[in-house]
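Data block below; observations after.
Number of protein chains: 2
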Amino acid sequence: MRIETTVKGMQQLALREKRSGRKIGLVPTMGFLHAGHMSLVALARTRADLVVLSIFVNPTQFLPGEDLASYPRDIERDKDLCIEAGVDHLFYPDDSEMYAADYSVFVEEMALSKVLCGASRPGHFRGVTSVVAKLFNIVMPDIAVFGQKDAQQCRVIQRMVRDLNMPVEIVLGPIIREPDGLAMSSRNKYLSRNERPRALCLRRSLDAAEAMVKEGARSVADIKAGVLAVIAAVPEARIDYVEFVDNETLVPVSRIQRPVLLALAVRIGGTRLIDNTVLASP
Amino acid sequence: MRIETTVKGMQQLALREKRSGRKIGLVPTMGFLHAGHMSLVALARTRADLVVLSIFVNPTQFLPGEDLASYPRDIERDKDLCIEAGVDHLFYPDDSEMYAADYSVFVEEMALSKVLCGASRPGHFRGVTSVVAKLFNIVMPDIAVFGQKDAQQCRVIQRMVRDLNMPVEIVLGPIIREPDGLAMSSRNKYLSRNERPRALCLRRSLDAAEAMVKEGARSVADIKAGVLAVIAAVPEARIDYVEFVDNETLVPVSRIQRPVLLALAVRIGGTRLIDNTVLASP
Numbered sequence: 007m008r009i010e011t012t013v014k015g016m017q018q019l020a021l022r023e024k025r026s027g028r029k030i031g032l033v034p035t036m037g038f039l040h041a042g043h044m045s046l047v048a049l050a051r052t053r054a055d056l057v058v059l060s061i062f063v064n065p066t067q068f069l070p071g072e073d074l075a076s077y078p079r080d081i082e083r084d085k086d087l088c089i090e091a092g093v094d095h096l097f098y099p100d101d102s103e104m105y106a107a108d109y110s111v112f113v114e115e116m117a118l119s120k121v122l123c124g125a126s127r128p129g130h131f132r133g134v135t136s137v138v139a140k141l142f143n144i145v146m147p148d149i150a151v152f153g154q155k156d157a158q159q160c161r162v163i164q165r166m167v168r169d170l171n172m173p174v175e176i177v178l179g180p181i182i183r184e185p186d187g188l189a190m191s192s193r194n195k196y197l198s199r200n201e202r203p204r205a206l207c208l209r210r211s212l213d214a215a216e217a218m219v220k221e222g223a224r225s226v227a228d229i230k231a232g233v234l235a236v237i238a239a240v241p242e243a244r245i246d247y248v249e250f251v252d253n254e255t256l257v258p259v260s261r262i263q264r265p266v267l268l269a270l271a272v273r274i275g276g277t278r279l280i281d282n283t284v285l286a287s288p
Numbered sequence: 007m008r009i010e011t012t013v014k015g016m017q018q019l020a021l022r023e024k025r026s027g028r029k030i031g032l033v034p035t036m037g038f039l040h041a042g043h044m045s046l047v048a049l050a051r052t053r054a055d056l057v058v059l060s061i062f063v064n065p066t067q068f069l070p071g072e073d074l075a076s077y078p079r080d081i082e083r084d085k086d087l088c089i090e091a092g093v094d095h096l097f098y099p100d101d102s103e104m105y106a107a108d109y110s111v112f113v114e115e116m117a118l119s120k121v122l123c124g125a126s127r128p129g130h131f132r133g134v135t136s137v138v139a140k141l142f143n144i145v146m147p148d149i150a151v152f153g154q155k156d157a158q159q160c161r162v163i164q165r166m167v168r169d170l171n172m173p174v175e176i177v178l179g180p181i182i183r184e185p186d187g188l189a190m191s192s193r194n195k196y197l198s199r200n201e202r203p204r205a206l207c208l209r210r211s212l213d214a215a216e217a218m219v220k221e222g223a224r225s226v227a228d229i230k231a232g233v234l235a236v237i238a239a240v241p242e243a244r245i246d247y248v249e250f251v252d253n254e255t256l257v258p259v260s261r262i263q264r265p266v267l268l269a270l271a272v273r274i275g276g277t278r279l280i281d282n283t284v285l286a287s288p
């Protein structure tokens, strides 16, 4: 596996691969890799001739007061995992390689990015779309793989690709969970031993919603009451949002008709966790 | 010459050319072509294996109340000029091909685009950077050629390319003028027969500034007084701005030391004209 730390080096490498007709797959990450990331690498493998994984803890998508400084990092372990997974090229730039001191250009999505996590983290998605646009220009992927765990991020990036005519196909990988159901996330590391079991209320509340829909429930008000009840059973859980939105447009809905994204953000102690599922009437 | 009206068709064509190793040059225009545009085509020819010229009157860079509806158009004449100039592919999409009804993604430069024309036309450069980003993704050029007549646009696009790591080299073509000195512009068509000679005050004021610098003047206050005097000699000319800024950062300067962009926007009757020159102490 080749490790590339410069933009120029990565671009030259990508151009060479493209000219040779090989299809490039990109898995953008912030590192501290887990089985969720590795499932995206495996998915990229099936769709591309070579896989580039990027590790960059992107400062512009963290708000003041968020966990930029403490975000977990373990580059040596990440490298081993990448080699094991058959990653061809690791792109691992530092901040100054990615952002000039007088950096002044942003890519901003103005609709889908303003709800859900965008409402509680204003500016977050502007940082995400900007850095993903940069990574696309640097790695020149034919396909790029993102995890459905960050459902809103997936929709916002798909919209960016559509509206800016980026020549990249976005491929989504399913949520990968711990054996007990907790969605894998680098931020799970923040959970204390006491908090860890409490975090299961996210998945449990999604299970409850899925069961209700299976049994015929279609009213979002009814299903939401069920979801809130499951989370309320854990007194230490503080809800940031529980939203039912159209799975494509992210517009709030009141009935389950077309596929509906049920998305949650819940704080367990100091840790903000997200999870989601897509509900559809059969 | 091939005329391509769809994004998908243009992208497929570009990919094919890229894979065959040919270097693509792009000349983005709003049509109603004149010798200024054609000089950019000739410049592109010297730097690329094939030349794509795009014609798209981009609605998102016009402000409400500006001349979007009346912007001059003559596609048949434009086609003939392109064939004559040896353009390989004309990209000529319509509005609905370029913008979905629920379009929601913009590329915005936050520093250089806020002064000069950006101050009097807020939102204009956001439209420019967004559509140029789209054109780059659609045409996939190795080089793109812009005219120095739109000096600020050139700087803003160069900054976009730098900050988003776009794999495109920006090439600038010099201002092309009518025999009497008026900078060529599609908007010159708006000038009435009486207004046309009055419009020469722009170039004359730049000449005056260049002459003063040649004679040793270095104080921007002194040179600006000279520029304003020339324009004031035409009572029908209304100044939008006369600015002396660093040629790279567009930050106002008070002395001619590093290269200084002297940029003007002046209204002659209902027509807003721009012109500029770069002043440098020898």
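Chains B and R are the protein sequences, given in the same order.
Position in the first sequence (first residue = 1) + 6 = this note's numbering.
Position in the second sequence (first residue = 1) + 6 = this note's numbering.
The beta-carbon is built from N, C-alpha and C at its ideal position, and this holds for glycine as well.
Nearest to L208/R (by Cα), restricted to the options L256/R, A271/R, E254/R, K230/R = Taking the second sequence and counting its residues from 1, the one referred to as residue 208/R is at position 202. Of the candidates L256/R, A271/R, E254/R, K230/R, the one whose C-alpha sits nearest the C-alpha of L208/R is A271/R.
Rounded C-beta distance between V13/R and I144/R? I'm assuming under 8 Å.
-> Your numbering for residue 13/R matches position 7 in the second sequence. Your numbering for residue 144/R matches position 138 in the second sequence. The pair is a contact, with the Cβ atoms about 5 Å apart (cut-off 8 Å).
Within chain R, the residues that N143/B reaches when beta carbons sit closer than 8 Å | The residue you call residue 143/B lines up with position 137 of the first sequence. Simply L170, N171, M172, P173.
A50/R beta carbon less than 7 Å from that of V57/R | By one-based count along the second sequence, residue 57/R stands at place 51. By one-based count along the second sequence, residue 50/R stands at place 44. For V57/R and A50/R, yes; Cβs fall inside 7 Å.
Sort out for me which residues DSSP pairs I163/B with in a bridge.
-> Along the first sequence, one-based indexing puts residue 163/B at 157. I163/B is not bridged to any residue.
Span of the beta strand (DSSP E) around P34/R = The residue you call residue 34/R lines up with position 28 of the second sequence. Segment 30-35, the beta strand (DSSP E) holding P34/R.
Any C-beta of chain R under 7 Å from that of Y98/B | As a first step, residue 98/B is located in the first sequence; it is residue number 92 there, counting from the start. No, no contact with chain R.
Under 9 Å (Cβ pairs) to chain A, residues found in the region 85-117 of chain B = The chain labelled as chain A is not found among the protein chains of the depicted structure, namely B and R.
Specify, as a first and last residue, the run of the beta strand (DSSP E) that T277/B falls within.
-> Here the question's residue 277/B lines up with position 271 in the first sequence. Here the beta strand (DSSP E) through T277/B covers 277-285.
Per DSSP, V111/R is paired with what?
-> The sequence position of residue 111/R within the second sequence is 105, counting from 1. V111/R pairs with E115/B.
Where the alpha helix (DSSP H) through V145/B begins and ends = Indexing the first sequence from 1 puts residue 145/B at position 139. Start and end: 130-145.
What is the DSSP secondary structure of V47/B, reduced to helix, strand or coil?
-> One-based indexing of the first sequence puts residue 47/B at position 41. Note: V47/B maps to helix in three-state DSSP.
Run through DSSP, which three-state label would D101/B get?
-> For the purposes of this step, residue 101/B is taken as residue 95 along the first sequence, with counting starting at 1. Three-state result, D101/B: helix.
How far does the beta strand (DSSP E) with L87/R in it reach, from first residue to last?
-> The sequence position of residue 87/R within the second sequence is 81, counting from 1. Careful: L87/R lies outside any beta strand (DSSP E), inside the alpha helix (DSSP H) at 81-91.
Applying the criterion that 16 or more other CB atoms from any shown protein chain within 10 Å of the CB defines a buried residue, is S60/B buried or exposed?
-> Here residue 60/B refers to the residue found at position 54 when the first sequence is read from its first residue. Under this definition S60/B is a buried residue.
State the CB to CB distance for the pair H130/B and L19/B, rounded to an integer number of angstroms; the pair is presumed to be in contact (CB under 8 Å).
-> For this step, residue 130/B is matched to residue 124 along the first sequence. For this step, residue 19/B is matched to residue 13 along the first sequence. That belief does not hold up - the Cβ atoms of H130/B and L19/B are roughly 30 Å apart, past 8 Å.
Residues of chain R with a CB under 7 Å from the CB of V13/B: which are they?
-> Within the first sequence, numbered from 1, the residue matching residue 13/B stands at position 7. Near V13/B (Cβ distances below 7 Å), the residues of chain R are N171.
Is I280/R near A205/R, with beta carbons less than 7 Å apart?
-> Locating residue 280/R in the second sequence gives position 274, where the first residue counts as 1. Locating residue 205/R in the second sequence gives position 199, where the first residue counts as 1. The answer is no: Cβ separation not under 7 Å.
In terms of alpha-carbon separation, which member of D228/R, V240/R, G276/R lies closest to E249/R?
-> The residue labelled residue 249/R in the question sits at position 243 within the second sequence. The candidate whose alpha carbon is nearest that of E249/R is D228/R.
Identified DSSP bridge partners for S225/B = Working through the first sequence from its first residue, we reach residue 225/B at position 219. S225/B is bridged to R261/B.
What is the DSSP secondary structure of G179/R, counted as helix, strand or coil?
-> Numbered from its first residue, the second sequence carries residue 179/R at position 173. In the structure shown, G179/R sits in a strand (DSSP, three-state: E or B).
For the 8 Å Cβ check, are there 3 or more pairs between the region 154-169 of chain B and the region 189-197 of chain R?
-> no
In DSSP terms, what D252/R is bridged to | What you label residue 252/R is simply residue 246 of the second sequence in a count that begins at 1. D252/R is bridged to V266/R.
Under a Cβ-count criterion, where at least 16 other Cβ atoms within 10 Å of its own Cβ denotes burial, should T52/B be classed as buried or exposed?
-> Along the first sequence, one-based indexing puts residue 52/B at 46. The residue is exposed, with fewer than 16 neighbouring Cβ atoms inside 10 Å.
Starting from the beta carbon of T146/B, find every residue of chain R whose beta carbon is closer than 8 Å, and list them in chain order.
-> Translated into positions along the first sequence, residue 146/B becomes position 140. According to the sequence provided, residue 146/B is Met. The question's Thr does not apply to it. The contacting residues are P173.
Within-7 Å CB hit, K140/R to chain B | In the second sequence, counting from the first residue as 1, residue 140/R sits at position 134. Judged by the 7 Å Cβ criterion, K140/R is in contact with chain B.
Within chain B, partners of R25/R - CB distance below 9 Å = In the second sequence, counting from the first residue as 1, residue 25/R sits at position 19. Within 9 Å Cβ-Cβ: K24, R25, G27.
Verify whether the separation of the beta carbon atoms of L87/R and G153/R is less than 7 Å.
-> By one-based count along the second sequence, residue 87/R stands at place 81. By one-based count along the second sequence, residue 153/R stands at place 147. Not a contact, by the Cβ cut-off of 7 Å.
Kindly indicate if chain R contains any beta-carbon less than 7 Å away from that of Q67/B.
-> Counted from its first residue, the first sequence places residue 67/B at position 61. Q67/B does not count as touching chain R.
Can you name the start and end residues of the beta strand (DSSP E) that A150/B belongs to?
-> For this step, residue 150/B is matched to residue 144 along the first sequence. Run containing A150/B: 149-153, per the beta strand (DSSP E) assignment.
For the beta strand (DSSP E) that R8/R lies in, which residues bound it at each end?
-> Position 2 of the second sequence, counted from the start, is the residue given in the question as residue 8/R. Unbroken beta strand (DSSP E) run through R8/R: 8-10.
Alpha carbon of R127/B to alpha carbon of L69/B, nearest angstrom | Looking up residue 127/B in the first sequence gives position 121. Looking up residue 69/B in the first sequence gives position 63. R127/B and L69/B: Cα-Cα distance of roughly 7 Å.
What number of angstroms, rounded off, separates the C-alpha of E114/B from the C-alpha of L256/B?
-> On the first sequence, residue 114/B is found 108 positions in, with the first residue counted as 1. On the first sequence, residue 256/B is found 250 positions in, with the first residue counted as 1. Near 16 Å, if we compare the C-alpha coordinates of L256/B and E114/B.
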